[in-house]
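Chemist: Structure in C-alpha cells, see below.
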Amino acid sequence: MRDDRRTEAAGVSPLETGRFKDLFRGHPAGVAVVGLRGPDGALVGLTVTSVISVSAEPPILAFSIASTSSSWPAVQAARTLAVSFLADDQHELAARFARHGIDRFADGGWRLLPTGEPVVEGAVAWIQGEVVQRAPVGSSYLVAVLAQQASDRGDRHPLVYRDRTYHRLRERREP
Numbered sequence: 008m009r010d011d012r013r014t015e016a017a018g019v020s021p022l023e024t025g026r027f028k029d030l031f032r033g034h035p036a037g038v039a040v041v042g043l044r045g046p047d048g049a050l051v052g053l054t055v056t057s058v059i060s061v062s063a064e065p066p067i068l069a070f071s072i073a074s075t076s077s078s079w080p081a082v083q084a085a086r087t088l089a090v091s092f093l094a095d096d097q098h099e100l101a102a103r104f105a106r107h108g109i110d111r112f113a114d115g116g117w118r119l120l121p122t123g124e125p126v127v128e129g130a131v132a133w134i135q136g137e138v139v140q141r142a143p144v145g146s147s148y149l150v151a152v153l154a155q156q157a158s159d160r161g162d163r164h165p166l167v168y169r170d171r172t173y174h175r176l177r178e179r180r181e182p
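Residue 111 in our numbering is what sits at position 104 of the sequence shown, and the numbering runs on without skipping anything.
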C-alpha cells in the first residue's frame, strides 16, 4: 500500500517495476514450500522465497503471496499451514511446487503432519503454525503465522534462489 501524499510531498516517484524486480533477482533468498489444506480438503502447496522471521516472542514468521496466485484462495481460507525449508538437493521439488496446472503432490516427497498439513520429506526444517494475519500489501498479501511446532535436520544445507536459478550454499565463513 502506497501513501501517495508522502511520495508527492517528497517529490519522489516509486522505483520502476522492472528495475525493482531486477534488483531483487540479484538478492539470494532461501527456498521454502508452503503446504496446507484447501477449503475442500485438497492439498495445496506452493514454492516461496519470501519467508521471514517477524518475531521471536511470540514466534511469528511471514511470507508473501501474489493476490493473483492460484493458491491464494486456499491460503486466504486456511487456519493453519506448514512451511518446509528446502535442502540444496531439492531444486526439482521446488520447481514442481512452482509450476502451474499440475498436481504438485502426485510425485511424493512429502508427508502429512498429525495436524493435517503436508511437509516436505528431507527438508532442512519445517514449521507448522496458525495463520494469525493476512495483510494486503501492494499486489500481494503478507501472511503471518504463529509457529506451533517445528522440526529440523542440522545435517542439511539450504537451497537458495538467485537470478532465476537455484544454488547450493556450502562454504561457511565466520563474520
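Here a beta-carbon is modelled for each residue, glycine too, at the ideal position from N, C-alpha and C.
1. Reducing DSSP to helix, strand and coil, say where residue 22 ends up.
2. How long is the line joining the alpha carbons of residue 160 and residue 35, rounded to whole angstroms?
3. Could you tell me whether the region 167-174 touches the region 121-133, where touching means 3 or more Cβ pairs closer than 8 Å?
4. Since residue 78 and residue 51 should fall inside the 8 Å C-beta cutoff, what is the C-beta to C-beta distance between them, to a whole number of angstroms?
5. Which whole-angstrom value is the C-beta distance of residue 85 and residue 166, which I expect to be below 8 Å?
6. Spatial neighbours of residue 128 within its chain, please: CB distance less than 7 Å, with the 5 preceding and 5 following residues excluded, ordered by chain position.
7. Along the chain, where does the alpha helix (DSSP H) containing residue 104 start, and where does it finish?
8. Just the C-alpha distance for residue 20 and residue 132, rounded to the nearest angstrom, thanks.
9. Using the Cα positions of residue 162 and residue 99, report the straight-line distance between them to the nearest angstrom.
10. Specify, as a first and last residue, the run of the beta strand (DSSP E) that residue 151 falls within.
11. To test your reading of the DSSP string, which unbroken beta strand (DSSP E) runs of 3 or more residues are found completely within the region 61-101?
Modeler: Quick look at the numbers:
1. Reduced to three states, the DSSP call for residue 22 is coil.
2. For the pair residue 160 and residue 35, the Cα-to-Cα distance works out to about 22 Å.
3. no
4. Taking C-beta atoms under 8 Å as the contact rule, residue 78 and residue 51 qualify, at a distance of about 6 Å.
5. Actually they do not touch by this definition, with Cβ atoms about 24 Å apart.
6. So the qualifying residues of the chain are 116, 117 and 118.
7. 98-105
8. 40 Å
9. 20 Å
10. 147-159
11. 67-73 and 87-92
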